[in-house]
Amino acid sequence: MNEKGLKQSKLIYWASGIVSICGLIFEVLFGALGSYILGDGVKQYTLTISLFLTGMGVGASISERVTKDLVVAFIWTEFLVAVIGGFSSFLMFGMTAFAPAGSDALFLYTVTFTIGALTGVELPVLIRKANDIGVELNKSTARVLFSDYAGGLVGGLLFAFYLRPEMGMVKTAFFVGVINLSVAVLVLFYFREEIKKFSFHLGSAIFIGILLISGLFFGEELAFSFEQKLYKDPILHMENTSYQKMVLTKDDEDTRLFLDGALQFSSTDEYRYHETLVHLPMAYKENVRDVLVLGGGDGIAVNELLKYEGLESITLVDLDPAVVDFAKENPHLRELNDGALDDPLVDIQHKDAFKYLKATDKRFDTVLIDLPDPNNESLNKLYTKEFYSLVRNHLRADGVMMAQATSPVFAPEVYWTINETVEATDMNTYNFHVDIPSFGNWGFVMASRKEVDIENVSIDVPTEFLNEEIVPALTVFGKDEDREILDSDGQVKNLEPNTLIHPNLIQKYEQAWKDY
93 MNEKGLKQSK LIYWASGIVS ICGLIFEVLF GALGSYILGD GVKQYTLTIS
143 LFLTGMGVGA SISERVTKDL VVAFIWTEFL VAVIGGFSSF LMFGMTAFAP
193 AGSDALFLYT VTFTIGALTG VELPVLIRKA NDIGVELNKS TARVLFSDYA
243 GGLVGGLLFA FYLRPEMGMV KTAFFVGVIN LSVAVLVLFY FREEIKKFSF
293 HLGSAIFIGI LLISGLFFGE ELAFSFEQKL YKDPILHMEN TSYQKMVLTK
343 DDEDTRLFLD GALQFSSTDE YRYHETLVHL PMAYKENVRD VLVLGGGDGI
393 AVNELLKYEG LESITLVDLD PAVVDFAKEN PHLRELNDGA LDDPLVDIQH
443 KDAFKYLKAT DKRFDTVLID LPDPNNESLN KLYTKEFYSL VRNHLRADGV
493 MMAQATSPVF APEVYWTINE TVEATDMNTY NFHVDIPSFG NWGFVMASRK
543 EVDIENVSID VPTEFLNEEI VPALTVFGKD EDREILDSDG QVKNLEPNTL
593 IHPNLIQKYE QAWKDY
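Here it is as structure tokens:
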């Protein structure tokens, strides 16, 4: 092999590695888009990975038909990947805002399969081109595949630790599209002597480059306007943290916080939620000294706790430091939490709640579980028998736990399954629900090792909603919220506890909320 052929073969190996990095980033990006917009992360990642790999198989089969102009075939494959992949996130948000329900899922799955198919075309073409240059087939195959697999690892790490948290999903797609285009242009120049209509291909690359660079600089702003249509009120702040997407909206006096699209609170009625979450367990437990709050990074529950004298510590465990920092610094949130997170009694731990409970040996008088709904696998483990067993083991003998447990009206099977799961830890459970206009009717499960006299309640701190007279009404559930859930044959369902080994809550949650 002459020196020119050696340089070209090296370029092919580098190109295969880079396009593999890009392909892997697109693959996980599509999974992240599906998880964020469509919900159920495991389901979406399973579908996108399956479709992407199937597409690669189809693409590899199609590549057999490419018998000439291998370099041009590779270049135009990269052009297509750059355009389709680059605009994928931007168009996905547009579909979500404007297109009929269900079309966003169809679009995402189609794009995933298409990019997979194009990726499947790339590698066989590069292997054959390396072989044409003079590299032995076994060597060309091994080297291209090594570059491919190694590139996949780099792509995954880049997406997880830099691209998604720093650039977001729209900019990441355009940026990776630019990388694909750059590889195509580099190959175009290296092999220009054997390419016909060089000017046409170069002109096409320049046109695509203008589109992608425009998207890189202006696409996120347009996508922001698309996403604004998903929210009722104007968006004040939007941020991709290391763990989730955080959005703050405000209209007149109504401030709302959303995490991954799910409403966390509305300032107009959050007191109904937080007073029920905090003051009921505090009323049933005497001499509370140490309180654990799992979740609640907005600081509002902590602010309610600080109304009690005699507290010695409040431990707040919230995985995402960006949410807590935002709650400390944003004036709208500070107005709601009254700067509670800066109080010297508050010890903030940025850890996974499950891991925190496994690691600590501290016991608490009261544990408040203010976590998002179990709409993905990471959250599902925080609604399992194993998790509630850890909570029980960190309660003092007469300690009380209170957990938000979604809506017994919209999702009765989910609510009572959570109750069943807590009961499976041999704690006594007590059920409450309250009307919250921004949420609807919302349920809570209180639990303790000892029997609690729920008829005997005393609320001794200032509240806007909760009083001793209304508490008995919060324990009464209507027929459509009843614990006896009927199946299609009119038989009472046997609700099984949700466990790590047999998770059943996510599917129930997704089914219950699909029409709301």
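Taken in order, the sequence shown gives residues 93 to 608; the numbers are from this note's numbering.
Even for Gly, the Cβ is constructed at its ideal location relative to N, Cα and C.
### Rounded separation between A354 and I167 - CA only
As a first step, residue 354 must be located in the sequence shown, where it is residue number 262. As a first step, residue 167 must be located in the sequence shown, where it is residue number 75. Note on geometry: alpha-carbon atoms of A354 and I167 lie some 42 angstroms from one another.
### Message
By the DSSP assignment, the beta strand (DSSP E) with R348 in it spans what residues?
### Response
Indexing the sequence shown from 1 puts residue 348 at position 256. In the DSSP assignment, R348 falls within the unbroken beta strand (DSSP E) covering D346 to L351.
### Query
Mind checking G151: buried by the 16 CB within 10 Å criterion, or exposed?
For the purposes of this step, residue 151 is identified with residue 59 of the sequence shown, where counting begins at 1. Counting the other CB atoms within 10 Å of its CB gives G151 a total of 16 or more, which places it among the buried residues.
### Query
Which whole-angstrom value is the C-beta distance of D462 and A393, which I expect to be below 8 angstroms?
Along the sequence shown, read from residue 1 onward, the residue named residue 462 stands at position 370. Along the sequence shown, read from residue 1 onward, the residue named residue 393 stands at position 301. The beta-carbon separation of D462 and A393, rounded to 5 angstroms, stays under the 8 angstroms limit for a contact.
### Message
I'd like the ranges of any alpha helix (DSSP H) spanning at least 4 consecutive residues and lying wholly in the region 265-346.
### Response
Contiguous alpha helix (DSSP H) elements confined to the region 265-346 occur at 290-320, taking only those with 4 or more residues.
### Task
Run the CB neighbour count on G387, radius 10 Å, all protein chains shown included, and call it buried at 16 or more, exposed below.
By one-based count along the sequence shown, residue 387 stands at place 295. G387 is buried by the Cβ-count criterion.
### Inter-residue CB distance, E576 and P500 (contact presumed, cutoff 8 angstroms)
Here residue 576 refers to the residue found at position 484 when the sequence shown is read from its first residue. Here residue 500 refers to the residue found at position 408 when the sequence shown is read from its first residue. Actually they are not in contact, since the Cβ atoms of E576 and P500 sit about 12 angstroms apart, beyond 8 angstroms.
### Query
What residues are listed by DSSP as bridge partners for M519?
As a working mapping, residue 519 is identified with position 427 in the sequence shown. BP columns for M519 are empty, so no partner.
### Query
Which one of L471, L349 and L278 has the shortest CA to CA distance from A298?
Along the sequence shown, one-based indexing puts residue 298 at 206. Before going further, note that residue 298 is Ile rather than Ala in the sequence given. Checked all of L471, L349 and L278; the closest Cα to I298 is L278.
### Message
Tell me which residues share the same chain as L369 and place their Cβ nearer than 7 angstroms to its Cβ, disregarding the 5 neighbours each side in the sequence.
### Response
Locating residue 369 in the sequence shown gives position 277, where the first residue counts as 1. So the qualifying residues of the chain are A393, L460, D462, M494, Q496 and F536.
### Query
In chain order, what residues of the same chain have a beta carbon less than 8 angstroms from the beta carbon of T146, not counting five sequence neighbours either side?
Translated into positions along the sequence shown, residue 146 becomes position 54. Beyond the five residues adjoining it in sequence on each side, T146 comes within less than 8 angstroms, by CB distance, of F205 and G208 in the same chain, given in chain order.
### Query
Can you name, in chain order, every residue of its own chain whose Cβ lies under 8 angstroms from the Cβ of R455, other than the five neighbours on each side?
Taking the sequence shown and counting its residues from 1, one reaches residue 455 at position 363. Within the same chain, Cβ atoms closer than 8 angstroms to the Cβ of R455 are found at D382, H486, L487, R488 and G491, the five residues on either side in sequence being excluded.
### Query
Curious, which full-length beta strand (DSSP E) runs of at least 3 residues does the region 448-488 contain?
Counting only runs of 3 or more, we get 456-462.
### Query
Taking the alpha-carbon positions, what's the V385 to L411 distance?
Counting from 1 along the sequence shown, the entry for residue 385 is found at position 293. Counting from 1 along the sequence shown, the entry for residue 411 is found at position 319. Using only the alpha carbons, I get a separation of about 12 angstroms.
### Message
I need the boundaries of the beta strand (DSSP E) containing A539, first residue and last residue.
### Response
Position 447 of the sequence shown holds residue 539. It spans G532 to S540 - the beta strand (DSSP E) in which A539 sits, taken as one unbroken run.
### Query
Going along the chain, which residues of its own chain have a beta-carbon closer than 6 angstroms to the beta-carbon of P216, five neighbours each way excluded?
The residue given as residue 216 occupies position 124 in the sequence shown. Within the same chain, Cβ atoms closer than 6 angstroms to the Cβ of P216 are found at A152 and S155, the five residues on either side in sequence being excluded.
#### Entry: Coil, strand or helix - T138 by DSSP
Counting from one through the sequence shown, the residue named residue 138 turns up at place 46. The answer is helix: DSSP assigns T138 an H, G or I state.
### Query
Tell me which same chain residues have a C-beta within less than 6 angstroms of the C-beta of E214, skipping the five on either side of it?
Within the sequence shown, the letter at position 122 stands for residue 214. V111 and T169, listed in sequence order.
### Exposed unless 16 or more other CB atoms sit within 10 angstroms - verdict on T567
Taking the first residue of the sequence shown as 1, we reach residue 567 at position 475. With fewer than 16 other Cβ atoms within 10 Å, it is exposed.
### Task
Would you kindly report the start and end of the unbroken alpha helix (DSSP H) that includes T169?
On the sequence shown, position 77 is the one that residue 169 refers to. Segment L162 to G178, the alpha helix (DSSP H) holding T169.
### Query
So, is E547 buried or exposed, given that buried needs 16 or more other C-beta atoms within 10 angstroms?
The residue given as residue 547 occupies position 455 in the sequence shown. Under this definition E547 is an exposed residue.
### Task
Classify D444 as helix, strand or coil using the three-state DSSP reduction.
Taking the sequence shown and counting its residues from 1, the one referred to as residue 444 is at position 352. In the structure shown, D444 sits in coil (DSSP, three-state: anything other than H, G, I, E or B).
### Query
Expressed to the nearest angstrom, what Euclidean distance is found between the alpha-carbon atoms of A165 and T264?
Residue numbering aside, residue 165 sits at position 73 when the sequence shown is read from its first letter. Residue numbering aside, residue 264 sits at position 172 when the sequence shown is read from its first letter. For the pair A165 and T264, the Cα-to-Cα distance works out to about 25 angstroms.
### Neighbourhood of A516 by C-beta distance below 6 angstroms, restricted to the same chain and skipping five residues each side
As a first step, residue 516 must be located in the sequence shown, where it is residue number 424. In the same chain as A516, and ignoring 5 residues on each side of it, the C-beta atoms closer than 6 angstroms to its own belong to K477 and P589, in chain order.
### Query
For T498, which three-state DSSP category applies?
By one-based count along the sequence shown, residue 498 stands at place 406. T498 falls in the coil class under three-state DSSP.
#### Entry: Other residues of its chain near T407: CB distance less than 6 angstroms, five sequence neighbours each side excluded
Taking the first residue of the sequence shown as 1, we reach residue 407 at position 315. Only L384 and D439 meet the Cβ criterion.
### 7 angstroms Cβ shell around L210 - same chain, five flanking residues per side excluded
Taking the first residue of the sequence shown as 1, we reach residue 210 at position 118. Answer for L210: G151, T169, L172 and V173, listed in chain order.
### Residue range of the beta strand (DSSP E) that includes L384
Translated into positions along the sequence shown, residue 384 becomes position 292. Where L384 is concerned, the enclosing beta strand (DSSP E) stretches over D382 to G387.
### Task
Report the three-state DSSP secondary structure of S153 (helix, strand or coil).
As a first step, residue 153 must be located in the sequence shown, where it is residue number 61. It is helical.
#### Entry: Helix, strand or coil at G491 [DSSP, three-state]
Here residue 491 refers to the residue found at position 399 when the sequence shown is read from its first residue. Reduced to three states, the DSSP call for G491 is strand.
### Query
E228: buried (16+ other C-beta within 10 angstroms of its C-beta) or exposed?
Along the sequence shown, read from residue 1 onward, the residue named residue 228 stands at position 136. Its pLDDT being 48, under 50, E228 is placed unreliably by the model, and the measurement read from it follows with that caveat. Result: exposed.
### Message
So, at 6 angstroms on beta carbons, what are the nonlocal neighbours of K399 in its own chain, with the 5 sequence-adjacent residues on each side left out?
### Response
On the sequence shown, position 307 is the one that residue 399 refers to. Excluding positions up to five away in sequence, the list reads V553.
### Message
For the pair the region 294-309 and the region 324-338, tell me if three or more CB-CB distances fall below 8 angstroms.
### Response
No: fewer than three Cβ pairs fall under 8 angstroms.
### Message
Output needed for R220: all residues of its chain with C-beta closer than 7 angstroms, excluding positions within five of it in sequence on either side, in chain order.
### Response
The count along the sequence shown starts at 1 and reaches residue 220 at position 128. If we look at R220 and ignore the five residues flanking it on each side, its Cβ neighbours are L162.
### Query
Straight-line CA distance for D457 to V380?
Taking the sequence shown and counting its residues from 1, the one referred to as residue 457 is at position 365. Taking the sequence shown and counting its residues from 1, the one referred to as residue 380 is at position 288. If you take the alpha carbons of D457 and V380, they lie about 6 angstroms apart.
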